[in-house]
Amino acid sequence: MIEYKAVQQGILVATTGEAYTSRECHICGCEGKRKTQGLFVCCHCGEYNADLKGAINIGKKFGRDLGYMPLSGVSCERALNSECSISEKPSYL
Numbered sequence: 009m010i011e012y013k014a015v016q017q018g019i020l021v022a023t024t025g026e027a028y029t030s031r032e033c034h035i036c037g038c039e040g041k042r043k044t045q046g047l048f049v050c051c052h053c054g055e056y057n058a059d060l061k062g063a064i065n066i067g068k069k070f071g072r073d074l075g076y077m078p079l080s081g082v083s084c085e086r087a088l089n090s091e092c093s094i095s096e097k098p099s100y101l
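For the sequence shown, the working numbering begins at 9 and goes up steadily by one.
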């Protein structure tokens, strides 16, 4: 539905697969586990909001699929306060 609406408005639509983005730490790339549905645990980096981590990984994968450098400047606080900030805007956004 979104693709159809975007094309109607002349907006380019690009997609990327989400495979394995929920299992990989968005910081170090190691495979981690979900402690609960909303909490991802990496043995090196700690605990993070699972949905936020997955969204960051999808963004990184999308950039790689298009041939861009990986996202830089993205930092996330621990899941307890669920804050996320982008310290510098990547060139392809």
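We put the CB at the ideal spot given by N, CA and C, even for glycine.
Next on the checklist: Using a Cβ-Cβ cutoff of less than 8 angstroms, which residues in the same chain neighbour GLU39 once the five nearest sequence positions on both sides are dropped?
Outcome noted: ARG31, GLU32, CYS33
Checklist entry - Out of GLY25, LEU20, CYS50, which has the shortest C-alpha to C-alpha gap to ARG72? => result GLY25
Checklist entry - In whole angstroms, what separates the C-alpha of ASP59 from that of ILE66? => result 10 angstroms
Next on the checklist: Please state whether the Cβ-Cβ distance between ARG61 and PHE48 is less than 7 angstroms.
Outcome noted: One point to set straight first is that residue 61 is Lys, not Arg, in the sequence displayed. Cβ atoms of LYS61 and PHE48: closer than 7 angstroms.
Item to check | Cβ-based burial, ILE10 [other Cβ within 10 Å; buried from 16] | outcome: exposed
Checklist entry - Does the Cβ of TYR28 have 16 or more other Cβ atoms within 10 Å, making it buried, or fewer, making it exposed? => result exposed
Next on the checklist: Rounded to whole angstroms, what is the Cα-Cα separation between CYS36 and CYS53?
Outcome noted: 7 angstroms
Next on the checklist: Could you check whether the Cβ of GLU39 sits closer than 7 angstroms to any Cβ belonging to chain B?
Outcome noted: Although the question refers to chain B, the structure presented lacks it and comprises just one protein chain.
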